[in-house]
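Residue numbers (the working numbering), protein chains in the order written: chain E, 108 to 529; chain Y, 2 to 283; chain V, 2 to 299. Take a look at the structure set out below.
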Amino acid sequence: MSIKSGIRKVRSAMVALTTSALIALPALAGTAMAGELVINTDSSFPAVKKAFQSAVTGFEQENPDIKVTWNVFDNEAYKSAIRNFLSAESPDLATWFAGNRMLPYVNAGLFAPIDDVWAENGLDKTLKAAESAVTFNGTKWAVPYTYYQWGVYYRKDLFAKFGIDVPTTWEEFKAAGAKLQENGVTPVAIGTKFPWTAAGWFDYLNLRTNGYDFHMAVTRGEIPWTDERIRKTMGHWEELLKAGFFLENHAAYSWQEALPALVNGDAGMYLMGNFIVAPLQEAGLTEDQLGFFQFPAIDPAIAMAEDAPANTLHLAAGARNVAEAKKFLAYIARADVQTRMNEIMGQLPVNAKSSVSDDPYLQAGFKMLSNVDGGLAQFFDRDASAAMAKAGMEGFQEFMVKPERLDKVLARLETVRQRQTQ
Amino acid sequence: MFPTPIDKTSSATRVAYKVALPVALLLWLLPLLAVALTSVRSSADITSGNYWGWPTSFNLVENYTAIFTNSPLAAYLLNSFKVTIPAVLGAIALSSLTGFALGIYKFRSNLFVFFLFVAGNFIPFQILMVPVRDLSIQLGVYNSIYALILFHIAFQTGFCTLFMRNFIRTLPFDLIEAARIEGVSDLRIFWYVVLPLMRPALAALSVLVFTFVWNDYFWATVLTQGAHAQPITAGIKSLNGEWIAAWHLVSAGSVVAALPPVLMFFLMQKHFIAGLTLGAVK
Amino acid sequence: MSYVTRVWQDHKTTITPWLFLLPGILMFAIYIVIPIFQSIAISFYRWDGLGEKTFIGLENYRELMRDDIFFTALQNNVIWLVLYLLALPAGLFLALFLNQTTRGIRIYKSLFFFPFVISQVVVGLVFSWFYDPSFGLFNTGLMKIGLSPIPVLADERFVTYGVIIAGLWPQIAYCMILYLTGLNAVDGEQIEAARLDNVRGWRMLWYVILPQLRPATFIALVVTVIGALRSFDLISIMTGGGPWGSSQVLAYYMYEQAFSEYGFRMGYGAAIAVVLFAIMLIYIGFFLAKMYRDEKGR
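So this is what it looks like as structure tokens:
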């Protein structure tokens, strides 16, 4: 600590020196002094990188006096890198995720509040879709710039061939699966080697069984895992497991490794985020073969809620170019900017005034999310705390392979929850 | 010699041995052969499930060009060299000094210091993980090749000291004693008398430490992130995440990652084995 | 004569070795010795690596006692340790097989040694592939003989053994080379004498050869035990501790708790590392005691 604060002191002394030297010097150039802006992003995927490139270029064109330094990190590496650069060598802006995922940084004082950016630009109206996910203790901590829908991607052609209609209720869903099975097709493809995919199923079954508010309370750790309502959710899951709905040996595959099952027609459906579309199309599925539907209702009395994870841009507490950073935040919140970025990324803009690409899956997702009454969740591992998320996902994976261990799994999750709330 | 030399056995045993040898080798290296073969397959072979049959076409150039042009593999590879070479030199330099001190001089805590180096060699890395990461952050080298170089020098110094000290103990002590009586300074004895005699040890250690450092994966994941600093072991792991199901590329990348230590081993085989056994068995 | 020069003249023989030792000791102390104590200290704190550390005494250790996965990891470490020891007889067997003077045998020896030279990352990838339930060679083989495929790395019953087999491959090669060198040094006259006494085969191996191979066996034992307890790379590449933590070992669990995406519990991770360190200390002590006897015997 003392070394670190020492370094910080030296650094601020140097900054002060440089600044005073600059002031003392007569202005050599006629133009205004150039501003700077440092942005760190986790966008190593080509499309996301391109989208950010367009945003940075556009911003620099509008603000020729600001020089943007943009650092791209590998997506996985970013998750641990952000912890270090925020405390050691802070950029001005950093990408991250909404929901519980941002809390450690908020609590450690590494992110700065940006209520002023929201107020001055009327973002509470334009970015309403993800507002609650970036609000904590009544303060806004980020600007969401993209999100995407979750839902069931299915083989339209197989459904037509076997005379199956898109299911909208739990009974219809189970009947559709049974029909697929009769024809030798596994109803649902999934790969749980990396167990977050199983959490998608928990999210949806719980949202549909108990509703948005209860689900969020569960992820916040306010409900015991042994609660009867959670057991009801797990009971619905068990129905599917007992009926053999899921791809065999799913714990041996990553989500990508389970894709061929859908492509080859060995499986009929896949519950996943919209990022599944690109690899499926690359593998040869056409729009006539691949369809999308909203996860069916289980309890008709419960309002439909969806998983729609948003990615966000945060102001670092250690930012040195706060004014420039806020300018960029306002910029990336704008409708036209979000339209362009999401067009490139193949995702949905958060800004309500943006337009959505013609892509049929995005259009379907946009339509679905616009009509959601229940609320938008961020996905289990962003809504729950890190330790709870890890224990939960592993527990769901175990339950999917060994449904008879339900009690043991729930008891273990409850231990983790109690430790958290202590 | 044991077992009985095969030339002295019956001709039936002789023939059986001659047959068994290549068969056993083939089985032993089957996983590696599969990797080598897969690295030249076409993606058509991979998608059609032809993993174990004869490749329909040999895409040696295409695949190996692809991994270098479509991924930061070259950067990872370069990082590996940039980490390994200075680490080897550093560890050898430090340990020839410590080995000299512990091998030549008699002083009270000699054995204690020696055992400290030896014990350090065997500890589980994991106990160093959190503090070394913090230390690297404070030194400002975290997430750069320097973090890895510094750590590897320090850690390998333990092993190398064990080796050097034992080697120096086998040198003719009279020679050093004679030089001392002549009034040659300690530094000159080290430089002009002992160091030239240690050449075989230096060679053996270089090869060995090169392999150890090159193959390190744990510290690469703890101390570095991303293609600007990570060596190829960690690089292959993250490329494996990107190239899901593109096994021909993963295999080609693996071959590239394995090649430098394998070449090193074949070129300096004698030294390598001497290094493995001398330092330890003595 | 200045003070410094006088001290130097008076204590030259005492100071000189320490001057040679200084750079090495400094690096070793900063990077190895001090961090061990720091880790032990951190294990008494709750710390997410971002905010302030909170002293919680033995709480991390108490939590370990209630942690199922910790015990799974501990149990798996024992399995690793026991099965890894198979590398000794297997390596000895290979060494005996290859200890010949036929033409080209040198090439064979070095090719057999191959798995040890390549990175464990590559070994892990190769074996994950070997076990793949849909196309891996292992399951292709099972199906050829009429059995249904087993997803080795996704089945809690087999996963640890599957990873250990991958680890044994290079470890056997390592033991083989140690024994080959040992066999080189075996006293030929003793063998001839035993042969004259009509001692052959197993009896020869047991009563004449093995006693002479004791130094090689000792070092093979030490490196194998350490290899088993350090197992990290293969777990990280092949299973990530899964499914549901069933292939967890202490070395990987520690990393996961301290540094993984859902971890950053530095104190808890440090506590796991301290346990692992304590286990390893037994072996380090064993090794040093042996070395001490050898040193005194000289």
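Every residue, glycine too, gets a C-beta built ideally from N, C-alpha and C. Being a predicted model, the structure only gives us computed values, none of them experimental.
Is the CB of E:A530 under 8 Å away from at least one CB in chain V?
Limits of chain E in this structure are 108 at one end and 529 at the other, which puts residue 530 of chain E out of reach.
For a minimum of 4 consecutive residues, which ranges assigned as the alpha helix (DSSP H) are wholly contained in the segment 307 to 366 of chain E? 319 to 326, 335 to 349
From the DSSP output, in three-state form, read off E:K174 for me. strand
query: The beta strand (DSSP E) with E:M209 in it runs from where to where?
result: Counting along the chain, E:M209 falls outside any beta strand (DSSP E), and DSSP gives it neither H nor E.
Going by Cα to Cα distance, which pick from V:W203, V:A174, V:V209 is closest to V:Q191? V:V209
Exercise for review: Just the chain V side, please: which residues come within less than 8 Å of E:L217 by C-beta, in chain order?
Suggested key: L51
Check: Counting Cβ pairs closer than 8 Å, one from the segment 485 to 501 of chain E and one from the segment 452 to 460 of chain E, do we hit at least three?
Finding: no
Exercise. Taking the CB atoms as reference points, tell me whether E:Q363 and E:P331 lie closer together than 8 Å.
Key: no
Give the secondary structure of Y:H229 by DSSP, where H, G and I count as helix, E and B as strand, and everything else as coil.
-> coil
To the nearest angstrom, how far is the alpha carbon of Y:F213 from that of E:D199? 40 Å
**OP:** Taking the CB atoms as reference points, tell me whether Y:L61 and Y:V36 lie closer together than 8 Å.
**Re:** no
Taking the Cβ atom as the reference point for each residue, do E:H322 and E:I405 lie within a distance shorter than 8 Å?
no
Just list the alpha helix (DSSP H) runs in the segment 185 to 242 of chain Y, keeping only unbroken ones of 4 residues or longer that don't cross its boundaries, in chain order.
200 to 215, 219 to 224
* Go through the segment 394 to 478 of chain E residue by residue and report every complete run of the alpha helix (DSSP H) that reaches 4 residues or more, in order. => 429 to 440, 442 to 452, 467 to 477
Assuming E:W248 contacts E:F218 under a Cβ cut-off of 8 Å, what Cβ separation, rounded to an integer in Å, is found between them? 5 Å
Comparing alpha-carbon positions, which option in E:V429, E:S161, E:R327 lies nearest E:A494? E:R327
#### Entry: Other residues of its chain near V:I57: CB distance less than 8 Å, five sequence neighbours each side excluded
F45, Y46, R47, G268
Quick check: is any heavy atom of the ligand SAM less than 7 Å from the C-beta of Y:L188? Looking for the ligand SAM in the displayed structure turns up nothing, as the structure carries no ligands at all.
* Secondary structure of V:M281, DSSP reduced to three states -> helix
TODO: Spell out the partners DSSP gives E:L144 in its beta bridges.
DONE: E:V175
When the Cα atoms are used, what is the spatial distance from Y:R15 to V:I173?
25 Å
What are the residues of the segment 51 to 72 of chain V that lie near chain E, defined by any Cβ-Cβ distance shorter than 8 Å?
L51, G52, E64, R67, D69
- prompt: Sorted by chain position, which residues of the same chain lie with C-beta nearer than 7 Å to Y:G254's C-beta, five sequence neighbours on each side aside?
  reply: I68, L74, I237, L240
> Is it true that the segment 13 to 29 of chain V meets the segment 144 to 159 of chain Y, where meeting means three or more beta-carbon pairs spaced less than 8 Å apart?
Replying inline: yes
*Within 8 Å (strictly less), CB to CB, does V:E296 reach chain Y?*
yes
| For V:L222, which residues of its own chain have a beta-carbon under 7 Å away from its beta-carbon, when the five flanking residues on both sides are left out? | L89
- Query: Quick one: is Y:W248 buried, meaning 16 or more other Cβ sit within 10 Å of its Cβ, or exposed?
  - Reply: buried
Would you say V:T182 lies against chain Y (beta-carbon separation less than 8 Å)? yes
Quick check on the DSSP output: the alpha helix (DSSP H) that includes Y:Y106 runs from which residue to which? Premise fails: Y:Y106 is in no alpha helix (DSSP H) and is neither H nor E.
Run through DSSP, which three-state label would E:T242 get? strand
- Buried or exposed for Y:S110, please, with buried defined as at least 16 other CB atoms from any protein chain shown within 10 angstroms of its CB. exposed
Report all residues from its chain with a CB closer than 7 Å to the CB of E:Q396; omit the five preceding and five following residues, and keep chain order. R262, K263, D264
What is the DSSP secondary structure of Y:M269, reduced to helix, strand or coil? coil
Problem - Close beta carbons around V:W170, own chain, < 6 Å, minus the five adjacent residues each side - result: P116
**Prompt:** Beta-carbon of E:E196 versus every beta-carbon of chain V: anything under 8 Å?
**Reply:** no
Taking only beta-carbon atoms, is Y:D175 less than 8 Å away from chain V?
no
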